[in-house]
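Chains A and B are the protein sequences, given in the same order. When we follow our numbering, the leftmost residue of the first sequence carries the number 1, and every step to the right adds one. When we follow our numbering, the leftmost residue of the second sequence carries the number 1001, and every step to the right adds one. Built from N, CA and C at the ideal position, the CB exists for glycine as well. These numbers were taken from a predicted model, which means no experiment stands behind them.
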Amino acid sequence: TQLLEQSPQFLSIQEGENLTVYCNSSSVFSSLQWYRQEPGEGPVLLVTVVTGGEVKKLKRLTFQFGDARKDSSLHITAAQPGDTGLYLCAGSNTGNQFYFGTGTSLTVIP
Amino acid sequence: DTGVSQNPRHKITKRGQNVTFRCDPISEHNRLYWYRQTLGQGPEFLTYFQNEAQLEKSRLLSDRFSAERPKGSFSTLEIQRTEQGDSAMYLCASNTGTGAPGRYGYTFGSGTRLTVV
Chain A
1 TQLLEQSPQF LSIQEGENLT VYCNSSSVFS SLQWYRQEPG EGPVLLVTVV TGGEVKKLKR
61 LTFQFGDARK DSSLHITAAQ PGDTGLYLCA GSNTGNQFYF GTGTSLTVIP
Chain B
1001 DTGVSQNPRH KITKRGQNVT FRCDPISEHN RLYWYRQTLG QGPEFLTYFQ NEAQLEKSRL
1061 LSDRFSAERP KGSFSTLEIQ RTEQGDSAMY LCASNTGTGA PGRYGYTFGS GTRLTVV
């Protein structure tokens, strides 16, 4: 059961464009993480957010945790081909595991 | 720090055979996780170890699956009598900490790609 829904599922844009990826759930999470995964590799952690309304920036990437801690967004400014990959959000409540979203596959065309 | 290491990277097996995968976590990480990822999906939780204790198992982990972490260091995941539906990427991750695991990000290995023919 996927508790987290990501949209869009696929996204293909030109280099230099901006984009936003969404991660939504009906469940409240104590923390939420974003990962980027390249083909044939494991996911790599980008950021962890724990406070409702929290905004974190990582160079051209901006992450926001919803006020109610049920949703999150990832905004990329001036996308580059190196941003290509599968973006996964993952939420955790009080348990030992993370629930991963369905992923957004991003392709940035040079 | 060499990261999380998984072996083998790829495994092709015939249906009905047994397979075993190995994960070597980051040395100071006391928590170890196994996830399974099928094409087009996010990783799904299988099981979790804190040191050598297996503290949680998913319902996805049928009786054919068993995982161990005998000395609290490396871990093995065995699948007995493999089925075609077992074909997936098996990911190992580790982290550390004493509080709620959710506050600590995972470091994932590169995974083992299993193909059952």
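Got a sec: is the Cβ-Cβ distance from B/PRO1008 to anything in chain A below 9 Å?
-> Walking along the second sequence from the start, residue 1008 of chain B turns up at place 8. Not closer than 9 Å to any Cβ of chain A, the Cβ of B/PRO1008 fails to qualify, so no.
If you measure from the beta carbon of A/PHE65 to each beta carbon in chain B, is any gap under 9 Å?
If you number the first sequence from 1, residue 65 of chain A lands on position 65. Among the residues facing chain B, A/PHE65 is not included, as its CB has no counterpart in that chain under 9 Å away.
Point to revise | CB contact below 9 Å: B/GLU1028 versus chain A | key: By 1-based counting over the second sequence, the position of residue 1028 of chain B is 28. Interface with chain A (9 Å Cβ-Cβ cutoff): B/GLU1028 is excluded.
### Task
Determine the direct distance from the alpha carbon of A/GLY42 to that of A/PHE63, and round the result to whole angstroms.
Taking the first residue of the first sequence as position 1, residue 63 of chain A is located at position 63. Taking the first residue of the first sequence as position 1, residue 42 of chain A is located at position 42. Using only the alpha carbons, I get a separation of about 21 Å.
Identify each residue in the stretch 87-109 of chain A for which the Cβ-Cβ distance to at least one residue of chain B is less than 9 Å, and report them in chain order. The stretch 87-109 of chain A vs chain B, Cβ under 9 Å: LEU88, CYS89, ALA90, GLY91, SER92, ASN93, THR94, GLY95, ASN96, GLN97, PHE98, TYR99, PHE100, GLY101, THR102, GLY103 and SER105.
Report task. Check A/GLY91 in the structure and name its three-state DSSP category. Result -> For this step, residue 91 of chain A is matched to residue 91 along the first sequence. Here A/GLY91 sits in strand by DSSP.
Margin query: Which residue wins for smallest C-alpha separation from B/PRO1043, given the options B/GLN1050, B/GLY1111, B/THR1096 and B/GLU1056?
Written below: Reading the second sequence from its first residue, position 43 is the one you call residue 1043 of chain B. It is B/GLY1111 whose Cα lies nearest to the Cα of B/PRO1043.
- Hey, is the stretch 1057-1064 of chain B in contact with the stretch 76-85 of chain A, meaning 3+ C-beta pairs nearer than 8 Å? no
- Does DSSP put B/ASP1024 in a helix, in a strand, or in coil? Indexing the second sequence from 1 puts residue 1024 of chain B at position 24. It is a strand residue.
query: Residues of chain B with a CB under 7 Å from the CB of A/GLU15: which are they?
result: Translated into positions along the first sequence, residue 15 of chain A becomes position 15. Those within 7 Å of A/GLU15 in chain B number zero; the least Cβ separation is about 25 Å.
Residues of chain E with a CB under 7 Å from the CB of B/LEU1091: which are they?
Of the protein chains in this structure, namely A and B, none is chain E.
Do the CB positions of B/SER1066 and B/PRO1025 come within less than 9 Å of each other? Against the second sequence, residue 1066 of chain B aligns to sequence position 66. Against the second sequence, residue 1025 of chain B aligns to sequence position 25. No.
For B/LYS1011 and A/ILE13, I'd like the C-alpha separation in whole angstroms. The sequence position of residue 1011 of chain B within the second sequence is 11, counting from 1. The sequence position of residue 13 of chain A within the first sequence is 13, counting from 1. Rounded to the nearest angstrom, the two C-alpha atoms are 35 Å apart.
**OP:** Report yes if the CB atom of A/PHE29 is closer than 9 Å to the CB atom of B/TYR1106, and no otherwise.
**Re:** Stepping through the first sequence from its first residue, residue 29 of chain A is reached at position 29. Stepping through the second sequence from its first residue, residue 1106 of chain B is reached at position 106. No, these two residues do not count as a Cβ contact at 9 Å.
(request) Per DSSP, which residues does B/LYS1057 bridge with? Please list them. (result) Locating residue 1057 of chain B in the second sequence gives position 57, where the first residue counts as 1. DSSP lists B/THR1047 as partners of B/LYS1057.
Exercise for review: Return the bridge partner residues of B/TYR1033 from the DSSP annotation.
Suggested key: Position 33 of the second sequence, counted from the first residue, corresponds to residue 1033 of chain B. Its beta-bridge partners are B/TYR1048 and B/ALA1093.
- Message: Along the chain, where does the beta strand (DSSP E) containing B/GLU1068 start, and where does it finish?
- Response: On the second sequence, residue 1068 of chain B is found 68 positions in, with the first residue counted as 1. Segment 1065-1068, the beta strand (DSSP E) holding B/GLU1068.
- Could you give the distance in angstroms between the alpha-carbon of B/ASN1018 and the alpha-carbon of B/GLN1084? In the second sequence, the residue the question calls residue 1018 of chain B occupies position 18. In the second sequence, the residue the question calls residue 1084 of chain B occupies position 84. Distance between the alpha carbons of B/ASN1018 and B/GLN1084 is about 12 Å.
- Query: Are the Cβ atoms of A/THR48 and A/LEU58 separated by less than 9 Å?
  - Reply: On the first sequence, position 48 is the one that residue 48 of chain A refers to. On the first sequence, position 58 is the one that residue 58 of chain A refers to. Taking C-beta atoms as the reference points, A/THR48 and A/LEU58 fail to come closer than 9 Å.
Practice item. Could you list which residues in chain B have their beta carbon closer than 9 Å to that of A/LEU45, in chain order? Key: Your numbering for residue 45 of chain A matches position 45 in the first sequence. By Cβ distance, chain B contributes GLY1105, TYR1106, THR1107 and PHE1108.
For A/GLU54, which residues in the same chain have their Cβ closer than 6 Å to its Cβ, ignoring the five residues on either side in sequence?
Working through the first sequence from its first residue, we reach residue 54 of chain A at position 54. Excluding residues within five positions, the ones whose Cβ falls inside 6 Å are PHE65.
* Is there at least one Cβ from chain B nearer than 9 Å to A/TYR22's Cβ? -> Position 22 of the first sequence, counting from 1, holds the residue named residue 22 of chain A. So, not an interface residue.
Bridge-paired residues (DSSP) for B/ARG1113 | Within the second sequence, the letter at position 113 stands for residue 1113 of chain B. According to DSSP, which records beta bridges pairwise, B/ARG1113 is partnered with B/HIS1010 and B/MET1089.
Backbone CA spacing between A/PRO129 and A/THR102 [nearest angstrom]:
The structure shown does not extend to residue 129 of chain A, since chain A spans only 1 to 110, so no value can be given for it.
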